[in-house]
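K.L.:
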């Protein structure tokens, strides 16, 4: 390993100060480990908001501790500049290797360059972005997530949860003219006001929601999901009311505001369907991302906030809340098909209660062993083992991938409770 000179350390400190001033989000730092006999490993993860990253951090730290390492585990509260500052600071403190779940390859360019110059191995966890100099990646492929979520939605339609499964023929007046079907690529978005009146046997009106506009990793998930849904759109089983393109699907520019933005978009979509009444078709929502999912769940399980301009005088005969109305399906307006992502406690509760149709879940604890194996190999100057997974833009980086699971209400006990992802007490609240 190349020794660090006083000049290099001073330059690194200045870089840390600059990045620290640029970052605008609070951080979360945890130190874990029993000794530093085998070295110190820095682990930089996005945030503790998602159960997936929380479990990944705990599992990776535990695996590394068992192998004799000390662990500097830090969370960046979903802020890319904060994460870059944390990684740079880890290098300044002299860690022997860095594991990072990259929020932005661009923001990590400077600390990655410093790590390369200092001979400090960098391994990617969870999110496979093209980070310069990375020596390994244990990832979840966003394309696999997107395809799994799209398939869960299509399975719900095939099971009769979104259309009349006994009669595949569209209801009269709902057929998609052959000349209007997209020739190739993503299907066109159909504005809700232009939709042909439908019935539960007609096409489902789908709203696709994704995360922050500049998230290249999530953009890959969206592209794969739309590609998988396109045949159903061409067949007239599905119309995409919003979100056929990435620009339409991305709910916000700021990753910190994604959940709130997703909640507002779903409330607006539900209000629009309510305004159209019986002419509105069966609705569906596809939430691409755990932070997006939290907003969708909030919109579908709680009443909207009271407007500040609303009259304080209560109505003599208050009407049922939108959430209460949606809890009882009718022949005209059955409950929406809702496919989401992740296994946070709130998400699983909504799945158990029937608000959600399915969630696509990745057990991030499965990343711990391969990432620890890779760190040991890199420190020993050996090439880590790979299963052939490729990282776009960095095809020469050895990588392994962990696949997703589709979880429905009947799967909660087997997949989440029996494996210790959460306890019955956590689920019951």
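Residue numbers (our numbering): 890 to 1318.
Beta carbons are placed, not taken as given, at the ideal position from N, Cα and C, and that holds for glycine.
Keep in mind it's a predicted model, so treat the numbers as computed, not measured.
Measuring only the C-alpha atoms, how far is residue 1025 from residue 1100?
P.N.:
Against the chain shown, residue 1025 aligns to sequence position 136. Against the chain shown, residue 1100 aligns to sequence position 211. Each residue's alpha carbon lies about 26 Å from the other.
K.L.:
With distances taken Cα to Cα, identify the nearest neighbour of residue 1271 among 1162, 1010, 1165, 969.
P.N.:
Position 382 of the chain shown, counted from the start, is the residue given in the question as residue 1271. The residue with the shortest Cα to Cα distance from residue 1271 is 1010.
K.L.:
Note the first and the last residue of the continuous beta strand (DSSP E) segment covering residue 1114.
P.N.:
Along the chain shown, read from residue 1 onward, the residue named residue 1114 stands at position 225. Run containing residue 1114: none in the beta strand (DSSP E); it sits in the alpha helix (DSSP H), 1105-1123.
K.L.:
Does the pairing of the region 1176-1190 with the region 1232-1241 give three or more beta-carbon distances under 8 Å?
P.N.:
yes
K.L.:
In terms of alpha-carbon separation, which member of 1030, 1007, 1006 lies closest to residue 1016?
P.N.:
Taking the chain shown and counting its residues from 1, the one referred to as residue 1016 is at position 127. Cα-wise, what sits closest to residue 1016 is 1030.
K.L.:
According to DSSP, is residue 1294 helix, strand or coil?
P.N.:
In the chain shown, the residue the question calls residue 1294 occupies position 405. DSSP places residue 1294 in strand when its eight states are reduced to three.
K.L.:
Where do the ends of the beta strand (DSSP E) carrying residue 1131 lie?
P.N.:
Here residue 1131 refers to the residue found at position 242 of the chain shown. Segment 1127-1131, the beta strand (DSSP E) holding residue 1131.
K.L.:
Verify whether the separation of the beta carbon atoms of residue 1247 and residue 1041 is less than 8 Å.
P.N.:
Looking up residue 1247 in the chain shown gives position 358. Looking up residue 1041 in the chain shown gives position 152. Closer than 8 Å, so yes.
K.L.:
By the 10 Å Cβ neighbour count, where 16 or more other Cβ atoms means buried, how is residue 993 classified, buried or exposed?
P.N.:
For the purposes of this step, residue 993 is identified with residue 104 of the chain shown, where counting begins at 1. Burial call: buried.
K.L.:
Check residue 1175 in the structure and name its three-state DSSP category.
P.N.:
Taking the chain shown and counting its residues from 1, one reaches residue 1175 at position 286. DSSP places residue 1175 in strand when its eight states are reduced to three.
K.L.:
Could you tell me which whole alpha helix (DSSP H) segments of length 4 or greater appear in the region 924-981?
P.N.:
940-955
K.L.:
For residue 1245, which residues in the same chain have their Cβ closer than 6 Å to its Cβ, ignoring the five residues on either side in sequence?
P.N.:
Here residue 1245 corresponds to residue number 356 of the chain shown, with the count starting at 1. Within the same chain, residue 1245 has close Cβ partners 1227, 1229, 1239.
K.L.:
Within 10 angstroms of its Cβ, does residue 936 collect 16 or more other Cβ (buried), or is it exposed?
P.N.:
Residue mapping note: residue 936 aligns to position 47 of the chain shown, counting from 1. The residue in question, residue 936, is buried, as its Cβ has 16 or more Cβ neighbours within 10 Å.
K.L.:
Indicate the three-state DSSP secondary structure (helix, strand or coil) for residue 993 in the structure shown.
P.N.:
Walking along the chain shown from the start, residue 993 turns up at place 104. Coil at residue 993, not helix or strand.
K.L.:
Am I right that residue 1303 and residue 945 are in contact with their C-beta atoms under 8 Å? What's the rounded C-beta distance?
P.N.:
Taking the first residue of the chain shown as position 1, residue 1303 is located at position 414. Taking the first residue of the chain shown as position 1, residue 945 is located at position 56. Their Cβ separation, rounded to whole angstroms, is 21 Å, which puts residue 1303 and residue 945 out of contact at 8 Å.
K.L.:
Excluding five sequence neighbours on each side, which residues of the same chain lie with their C-beta closer than 7 Å to the C-beta of residue 1275?
P.N.:
In the chain shown, the residue the question calls residue 1275 occupies position 386. Only 1287, 1288, 1289 meet the Cβ criterion.
K.L.:
Helix, strand or coil: how does DSSP classify residue 1096 here?
P.N.:
Numbered from 1 along the chain shown, position 207 holds the residue referred to as residue 1096. Three-state DSSP puts residue 1096 in a strand.
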